[in-house]
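Visitor: Right, I'll just put the structure down here and ask away after.
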Amino acid sequence: MPAGVKLRFEPMRESDLDAVLDIERQSFAEPWSAGLFRHELRLPFSHCVVARDGTGRVLGYVCWWVVGDEVHLLNLAVHPEVRRRGIGRELLRLVRESAEQASARLVTLEVHHDNEAAQALYAAHGFVPTGLRRNYYAPGRHALVMTWFLPQPHGTDAR
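Numbered as in the working numbering, the sequence shown ends at 289 without a single skipped number.
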């Protein structure tokens with residue numbers, strides 16, 4: 131973010147969906163629908179957060195599940211006009227902090243096999259490739275599974 135611009139992180143609300151869907155459509159070939167976001171907002175184990183600038187504009191968002199001792203990052207996107215300014219990194223930090231607070235063993239996600247920028251972001255934060263889901267998004271559009279294994283207390287193994 132430019133110097134002096136502060137991000138605010140807030141739980142996603144239904145009133146945020148127009149802005150979220152605009153970012154979603156600009157970010158993904160197979161965007162989520164408003165119905166999918168609404169569904170996530172109702173699930174007790176789902177967490178959806180928006181990043182706002184000082185004016186209240188939604189700049190990005192993230193959705194993740196905390197289930198048992200695992201966290202699954204479902205969706206993360208930043209408005210194209212403000213990419214590469216650390217917003218995605220900060221949203222990812224929220225997911226990692228949630229995993230640590232939940233004493234999770236791991237965080238998993240799927241990322242398009244051609245999305246090198248997202249893969250680089252995740253790798254820079256300790257995620258490693260752990261699988262490939264063929265035709266996950268559509269025929270010929272595969273998902274790389276990436277996992278961050280959290281440090282475990284002495285005497286336990288996350289894997």
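Don't be surprised by glycine CBs; every beta carbon is placed ideally from N, CA and C.
1. F139 and V196 look like a contact to me (Cβ under 8 Å); what is the Cβ gap, rounded to whole Å?
2. I'd like to confirm the pairing. Which residues does DSSP put opposite V212 in its beta bridges?
3. Leaving aside the five residues before and after G218 along the sequence, list all residues of the same chain whose C-beta is less than 6 Å from its C-beta, in chain order.
4. Any idea what DSSP makes of S157, helix, strand or coil?
5. Less than 7 Å between the beta carbons of G256 and V275, yes or no?
6. If H243 and A273 are in contact, beta carbons under 8 Å, what's the gap, nearest whole angstrom?
7. Determine which residues share a DSSP beta bridge with M276 and list them.
8. Can you check whether the CB of V212 is closer than 7 Å to the CB of L189?
9. Under three-state DSSP, which class holds G218?
10. By DSSP, does F167 sit in helix, in strand, or in coil?
11. Can you tell which of H169, R182, N205 and V201 has its C-alpha closest to the C-alpha of K136?
12. Quick check: E170 and S163, are their CB atoms within less than 7 Å of each other?
13. Would L237 pass as a contact of V201 if the rule is Cβ separation under 7 Å?
14. Please tell me whether A248 and L280 are closer than 7 Å, where the distance is taken between their beta carbons.
Guide: According to the structure data:
1. Indexing the sequence shown from 1 puts residue 139 at position 9. Indexing the sequence shown from 1 puts residue 196 at position 66. About 16 Å separates the two Cβ atoms, so there is no contact after all.
2. In the sequence shown, the residue the question calls residue 212 occupies position 82. Beta bridge pairing from DSSP links V212 with no other residue.
3. For this step, residue 218 is matched to residue 88 along the sequence shown. V208 and L251.
4. Taking the first residue of the sequence shown as 1, we reach residue 157 at position 27. Reduced to three states, the DSSP call for S157 is helix.
5. Sequence index remark: in the sequence shown, residue 256 carries index 126 (1-based). Sequence index remark: in the sequence shown, residue 275 carries index 145 (1-based). Against a cut-off of 7 Å, the Cβ pair of V275 and G256 comes out as no contact.
6. The residue given as residue 243 occupies position 113 in the sequence shown. The residue given as residue 273 occupies position 143 in the sequence shown. Sure, about 7 Å apart at Cβ, within 8 Å.
7. For the purposes of this step, residue 276 is taken as the residue at position 146 of the sequence shown. In DSSP, M276 forms a bridge with L239 and P259.
8. By 1-based counting over the sequence shown, the position of residue 189 is 59. By 1-based counting over the sequence shown, the position of residue 212 is 82. Judged by their CB atoms, L189 and V212 are nearer to each other than the 7 Å cut-off.
9. Residue numbering aside, residue 218 sits at position 88 when the sequence shown is read from its first letter. It is helical.
10. As a working note, residue 167 is residue 37 in the sequence shown. F167 carries a helical assignment under DSSP once its states are collapsed to helix, strand and coil.
11. Counting from 1 along the sequence shown, the entry for residue 136 is found at position 6. For K136, the nearest C-alpha among the options comes from R182.
12. In the sequence shown, the residue the question calls residue 170 occupies position 40. In the sequence shown, the residue the question calls residue 163 occupies position 33. No, they are not a contact pair.
13. Mapped onto the sequence shown, residue 237 falls at position 107. Mapped onto the sequence shown, residue 201 falls at position 71. In the sequence as presented, Leu is not what sits at residue 237; that position holds Val. The Cβ atoms of V237 and V201 lie closer than 7 Å to each other.
14. Against the sequence shown, residue 248 aligns to sequence position 118. Against the sequence shown, residue 280 aligns to sequence position 150. It is not a contact, given that the beta carbons lie outside the stated cut-off.
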